[in-house]
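If you read the sequence shown in the UniProt record's numbering, its first letter stands for residue 1, the second for the next number, and so on. Yeah, the Cβ is synthetic: ideal placement off N, Cα and C, and Gly gets one too. Everything below concerns the one structure shown next.
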Amino acid sequence: MSSARTEMDRSSGDKETAFWSAQEDGPEKTSYGVATAQQEAARQKDIEFRQKFGDAGPLGLSGFAFATFLTALVNLNVHGVTIPNIVIGPALAYGGLAQLLSGMWDIANGNTVSATIACSYGCFWISFAISMIPSFNVRDAYPTLADYNHANGLFLMGFFIFSVAITLCSMKSNVFSLTLCLLVNCTWLFLGVANLWTEESGAPNNVLLKCGGVTGLLVSFTAWYLMYEGLANRQNRSGLVISSTMELSNKAAYLLSPNSPLIEVKSAPVPRPGPNELLIRVEAVAINPVDAVKQSMGNMMFEWLTYPLILGYDVAGQVIKVGADVNQFKEGDRIVGLAAGMDKRGRRPDEGAFQELVVIREHLAIKIPTGMKSAHASVLPLTAVTTACALFQKDQLALQMPQPKALRKPTGETVLIWGASTSVGKNAVQLAVAAGYNVIATASPKNWDAVRSLGASAVFDYRSSSVIDDIVTSLKGKKCAGAVAIGQGSLVKCVDIVTMIPSAAKKVAQVTLDMPASPPTSKLSMVPFVAKYLWLSSTNRLKVMTSGVRSKFVFGTDIMEWDVEGKIALYLSEALELGEYDLPSEIRVIGSGLESISEALHEVRNETSGKKIVVVLE
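Given below as structure tokens:
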């Protein structure tokens, strides 16, 4: 039974692929816009342009830290220095211009938050320096020293308000970034009030000025540390880098024991990303039938897992920490990714999906475009990687890799997708077309238009008694690169088709296991269930072996080994950004928070609309 250990989750979609009778409810198509050729070209240039830029954050932080450091020393009267003219040069060039340029760099990189902060503080330091340059006559415009300092106080209080707003946007960032924001707030507040509440001489309040100097020093050292953390990599980092995950907290939804209906939400260790890994704050998870099957079947599948365990594959959220050698992502990016905790090659608890913080491998992460909600994006990972394995893995169909429309070259070959209106099927049509192949497919007549809109050139009714002959006729004279079999009974039909076509590659990727119609409901019912499964699988395997067709069951997580460069994830990131890829499923949100996981697992067993069950954690 261990051969049935995965991908029993092919149920979202048409009744033809129903695993325990999940059925679609009409066409499922989530569109985020169809780009014109001109728009696609412009977006492609934009993506290529962004890839030319590095991370400007450390430059901005270093300039801000140095200018703040000098100002704090003057405010503290270190070595008797009270005149701030020494700050003018660094404030203009380093804290000002360099930080402003780093903000412009962030705009090119698409990091709006970082750009707003860096540009604003760059302008702050330039403005501050100008106010101290005698030729601008800023000081001379005020009749008294007190009036001048009161104006400075208003200036600083304005930036205090700005800093508070930035802090509110940073509440979910790492501990050092949040600490920096809070210290900046304190510094501007102390200095602003010190200038508004002057001494009798008109000078700023000395006590508050020194308080602002102390917090200013703390701001400087925190900013320098963040600069160092941003620059440090696997080769040059030292023990000085303290994991900014240390103050984070985490909760997880645990399956306590085999065959247990209970899911317990409790505190969990904070995962730590290793090299080429991301730490994600989870915003939404999609529930796959395989999650519910593992809960029901216990150690009869995925027998290597130990309890209590964290289920789940599909995760969407925000990057809050990147490990060493990560090149494609940075903190703040929104991604959807495949959690590998249930695979033998996974790190188990750290990579389990159903928790607030999860580790995702860089090559299994896909960028979410602006405007797409995490709940909708969460349906993509497992179905997409399963499809990719079926089409592109060397011991499956071994097709050429997908490309954006602008780079796509037709191969002149055709691929058959049996079960194209399912989630995996919709991915398969799009990925095969993106790889340059002509696609013919099967689906219910009500879903033909939806399948054609994804790129299929012809669609056949899988229920038709003549469907095999019709497909063979349509492929006459064409070179067939193989077939993808999705749905109960689809393997034998696909094998028959490629056998009857002389020019067809004798390859069928089996996505769906041929399972009994009803799931086991108790340990007693497990015996006939397993017996029926073994009979179906053995008779079908005998059919394949005697036909001369090469067929292998598709394990989606095999992508961890053969696509270590993340080519599929990179393509999907770009295709989503360009509007060239449709999400495969509509969603049905079941509750909010990890406490809803138990209900969602129950619902996925009874889902008949073809919609993907999603739980949001935002």
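CA-to-CA distance, residue j to residue i, given in whole angstroms
{"i": "glycine 33", "j": "glycine 579", "result": "Per-residue confidence for glycine 33 stands at a pLDDT of 35, beneath the threshold of 50, marking its modelled position as unreliable; the derived number appears in the next sentence. If I take the Cα positions, the gap works out to 6 Å."}
{"i": "asparagine 195", "j": "histidine 363", "result": "52 Å"}
{"i": "phenylalanine 215", "j": "aspartate 140", "result": "In the sequence as presented, phenylalanine is not what sits at residue 215; that position holds threonine. About 30 Å."}
{"i": "valine 265", "j": "leucine 209", "result": "48 Å"}
{"i": "glycine 212", "j": "alanine 72", "result": "7 Å"}
{"i": "asparagine 447", "j": "alanine 456", "result": "12 Å"}
{"i": "glutamate 229", "j": "lysine 321", "result": "11 Å"}
{"i": "glutamate 277", "j": "valine 270", "result": "14 Å"}
{"i": "alanine 384", "j": "isoleucine 486", "result": "14 Å"}
{"i": "glycine 464", "j": "serine 378", "result": "Sequence check: residue 464 is serine here, not glycine. C-alpha separation (whole angstroms): 34 Å."}
{"i": "proline 258", "j": "leucine 397", "result": "36 Å"}
{"i": "glycine 57", "j": "leucine 97", "result": "14 Å"}
{"i": "methionine 342", "j": "valine 511", "result": "18 Å"}
{"i": "valine 113", "j": "alanine 443", "result": "45 Å"}
{"i": "glutamine 430", "j": "leucine 570", "result": "15 Å"}
{"i": "alanine 115", "j": "leucine 189", "result": "23 Å"}
{"i": "isoleucine 501", "j": "lysine 567", "result": "32 Å"}
{"i": "leucine 380", "j": "arginine 541", "result": "30 Å"}
{"i": "lysine 15", "j": "alanine 420", "result": "Residue placement at lysine 15 is flagged as unreliable, the pLDDT there being 35, under the threshold of 50; the coordinate-derived value follows with that caveat. If you take the alpha carbons of lysine 15 and alanine 420, they lie about 11 Å apart."}
{"i": "aspartate 514", "j": "glycine 556", "result": "17 Å"}
{"i": "alanine 339", "j": "glycine 298", "result": "20 Å"}
{"i": "alanine 505", "j": "leucine 407", "result": "25 Å"}
{"i": "alanine 284", "j": "alanine 375", "result": "5 Å"}
{"i": "serine 453", "j": "tryptophan 304", "result": "42 Å"}
{"i": "leucine 536", "j": "alanine 292", "result": "22 Å"}
{"i": "valine 615", "j": "alanine 108", "result": "34 Å"}
{"i": "lysine 611", "j": "glycine 425", "result": "14 Å"}
{"i": "arginine 550", "j": "isoleucine 440", "result": "20 Å"}
Endpoints, beta strand (DSSP E) assigned at residue i
{"i": "arginine 281", "result": "277–287"}
{"i": "phenylalanine 354", "result": "Counting along the chain, phenylalanine 354 falls outside any beta strand (DSSP E), and DSSP gives it neither H nor E."}
{"i": "valine 616", "result": "612–616"}
{"i": "isoleucine 366", "result": "365–367"}
{"i": "alanine 509", "result": "507–510"}
For residue i, the residue or residues it bridges with in DSSP
{"i": "glutamine 318", "result": "Arg281 and Arg334"}
{"i": "asparagine 438", "result": "Thr414"}
{"i": "valine 460", "result": "Per the sequence shown, residue 460 should be read as phenylalanine rather than valine. Paired residue(s): Thr442."}
{"i": "cysteine 480", "result": "Thr414"}
{"i": "glutamate 264", "result": "Tyr254"}
{"i": "arginine 361", "result": "Glu277"}
{"i": "isoleucine 310", "result": "Tyr254"}
Range covered by the alpha helix (DSSP H) that runs through residue i
{"i": "glutamine 403", "result": "It is not in any alpha helix (DSSP H) - glutamine 403 carries neither H nor E in the DSSP assignment."}
{"i": "tryptophan 418", "result": "First-last for tryptophan 418: 413–418, but that is the beta strand (DSSP E), not the alpha helix (DSSP H)."}
{"i": "phenylalanine 553", "result": "Taken as a continuous stretch (DSSP letters only), phenylalanine 553 belongs to no alpha helix (DSSP H), being part of the beta strand (DSSP E) at 550–553."}
{"i": "isoleucine 559", "result": "559–562"}
{"i": "arginine 408", "result": "That residue, arginine 408, is in no alpha helix (DSSP H); it is neither H nor E in DSSP."}
{"i": "isoleucine 133", "result": "Per DSSP, isoleucine 133 belongs to no alpha helix (DSSP H) and is neither H nor E."}
{"i": "alanine 388", "result": "381–392"}
{"i": "proline 58", "result": "57–75"}
{"i": "proline 349", "result": "First-last for proline 349: undefined, no H or E at that position."}
{"i": "phenylalanine 155", "result": "145–169"}
{"i": "serine 573", "result": "567–578"}
{"i": "alanine 340", "result": "Unbroken run through alanine 340: none, as it is neither H nor E."}
{"i": "valine 207", "result": "206–231"}
{"i": "leucine 92", "result": "88–92"}
{"i": "aspartate 449", "result": "448–453"}
{"i": "histidine 376", "result": "374–377"}
Proximity test, Cβ basis, 8 Å: residue i and chain D
{"i": "glutamate 565", "result": "Chain labels in this structure do not include chain D; a single protein chain is all it has."}
DSSP three-state assignment for residue i, whether helix, strand or coil
{"i": "asparagine 250", "result": "coil"}
{"i": "asparagine 606", "result": "helix"}
{"i": "serine 592", "result": "strand"}
{"i": "alanine 485", "result": "strand"}
{"i": "isoleucine 587", "result": "strand"}
{"i": "glutamine 39", "result": "Bear in mind that a pLDDT of 45 at glutamine 39, under 50, signals an unreliable position, so the model cannot answer this."}
{"i": "residue 619", "result": "Residue coverage of the chain in this structure runs from 1 to 618, which leaves residue 619 outside it and unanswerable."}
{"i": "serine 465", "result": "coil"}
{"i": "leucine 101", "result": "helix"}
{"i": "lysine 294", "result": "helix"}
{"i": "tyrosine 142", "result": "coil"}
{"i": "leucine 178", "result": "helix"}
{"i": "isoleucine 47", "result": "Summary for isoleucine 47: the model assigns pLDDT 46, below 50, so the residue's position carries little reliability, and this model does not support an answer."}
Check: residue i C-beta below 7 Å from any heavy atom of the ligand ATP
{"i": "isoleucine 501", "result": "As far as ligands go, the structure on display features none, and thus does not contain the ligand ATP."}
Touching by the beta-carbon criterion (3+ pairs, under 8 Å), the stretch 305–318 and the stretch 332–339: yes
Touch check for the stretch 472–479 and the stretch 412–419: three-plus C-beta pairs under 8 Å? yes
At a cut of 8 Å, does the stretch 322–330 reach the stretch 388–404 through at least three beta carbon pairs? no
For the stretch 75–83 against the stretch 117–125, do three or more pairs of beta-carbon atoms, one drawn from each stretch, fall closer than 8 Å, so that the two count as touching? no
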